[in-house]
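First comes the structure, then the notes that go with it.
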Amino acid sequence: MYCHSNIADRPLSSIKNSAISRFSQTEDGATAVEFALVALPFLSLLAVILQTTLMVWATCNLDDALQRAGRTIYTGQFQTANTGQTDASTLLSKIKTAMCGTSTSRVATVFDCNTLKLSVALSNSFANGTVPTPLDTKTGDWTKGFGTNYACAQPGAIVVFTAAVKYRVAFSFLYAGLPGFSDGARLLQSTAVFRTEPYDTSSGQGC
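Structural data, given as structure tokens:
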């Protein structure tokens, strides 16, 4: 058998030029390279959209829970049911239970109830009502004292009811520049300001 190749008969320069020409004209792998260039920004944008959607959902869920618990204060039901109780931590814990349920009967929430902190304050007018600041941006932690204040609302009192939670995110670097906790978690906050109804205190119940 005889095999003949014309490669040996061709000049070296011709072979080199031919190889360079084929390399410059080939498009093998171009699609993969182009995809790699656009994949990272596209996936980052997709992650931001998905994560922001979940945060908005969690915030709406927190709003609903706050409104549900706040209504018991608005009507005086909570104050009446806890007549004689003055310990702030106990009362805040009961409001938290109204929002999240008990350890054996949890209310389904999108936010983490274990990080929930509450504040119930009074104001002498709607104009002068001050919403507390749960996050200390200097330390990246909860503001000292937040989550310990409970003021019992008499009939007709103006209440500033605030709830805040730490919301852990998977891509905290996407929110660089926005205030958050030092561990990368974001702050979700909801506040309701209302005047309580003139609920009945004639029997000595209430504050």
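Here the sequence shown is numbered in this note's numbering, starting from 362 and rising by one per residue.
Virtual Cβ for every residue (Gly too), placed ideally from N, Cα, C.
Please read these numbers as outputs of a predicted model, since none were measured by experiment.
Span of the beta strand (DSSP E) holding Thr523?
Note, Thr523: beta strand (DSSP E), 519-528.
Return the CA-CA distance between Glu558 and Val526, expressed in angstroms with no decimal places.
Glu558 and Val526: Cα-Cα distance of roughly 28 Å.
Is Thr523 buried or exposed, if buried means 16 or more other CB atoms sit within 10 Å of its CB?
Per the 10 Å Cβ criterion, buried.
Looking only at its chain, what residues have a beta carbon closer than 8 Å to the beta carbon of Ala537, apart from the 5 residues adjacent to it on each side?
Correct list: empty, nothing qualifies.
If the criterion is Cβ atoms closer than 8 Å, does the pair Met460 and Ala426 meet it?
Cβ distance < 8 Å, so Met460 and Ala426 count as in contact.
So the candidates are Pro493, Gly541, Val554, Thr500; which of them puts its Cα closest to the Cα of Val521?
That would be Val554, whose Cα lies nearest to the Cα of Val521.
Would you say the segment 499-518 touches the segment 431-444, given that touching needs at least three Cβ pairs under 8 Å?
Result yes; three or more Cβ-Cβ pairs closer than 8 Å.
Which term fits Val481, buried or exposed, when burial requires 16 or more other beta carbons within 10 angstroms of its beta carbon?
Classification for Val481: buried.
Name the residue from Leu452, Ala488, Ser466, Arg432 whose alpha carbon lies nearest to the alpha carbon of Tyr560.
The option with the nearest alpha carbon to Tyr560 is Arg432.
Helix, strand or coil, according to DSSP, for Ser366 in the structure here?
For Ser366, the pLDDT reaches just 49, beneath the cut-off of 50, and the residue's location in the model is therefore unreliable, leaving the point undetermined.
Quick one: does Thr441 have its CB under 8 Å from some CB of chain D?
In the displayed structure, chain D is absent; only one protein chain is listed.
Under the rule that 16 or more other beta-carbon atoms within 10 Å means buried, what is Ala430, buried or exposed?
So Ala430 ends up on the buried side.
Can the beta-carbon of Leu549 be found closer than 8 Å to that of Ala469?
Cβ atoms of Leu549 and Ala469: not closer than 8 Å.
Here's the rule: buried if 16 or more other CB atoms are within 10 angstroms of the residue's CB, otherwise exposed. What is Pro402?
Pro402 should be labelled exposed.
Between Asp448 and Asp544, what straight-line distance do the alpha-carbon atoms span, to the nearest angstrom?
In a straight line, the C-alpha of Asp448 is about 31 Å away from that of Asp544.
Quick check: the segment 477-493 against the segment 451-459, are there 3 or more CB pairs under 8 Å?
The segment 477-493 is in contact with the segment 451-459.
In the DSSP assignment, the beta strand (DSSP E) including Gln550 goes from what residue to what residue?
Residues 547-556.
Could you tell me the alpha carbon to alpha carbon distance between Val394 and Leu404, rounded to whole angstroms?
Their backbone Cα atoms lie some 16 Å apart in a straight line.
So, is Pro540 buried or exposed, given that buried needs 16 or more other C-beta atoms within 10 angstroms?
Under this definition Pro540 is an exposed residue.
In angstroms with no decimal places, state the Cα-to-Cα distance between Tyr435 and Thr463.
The straight-line gap from Cα to Cα measures roughly 22 Å.
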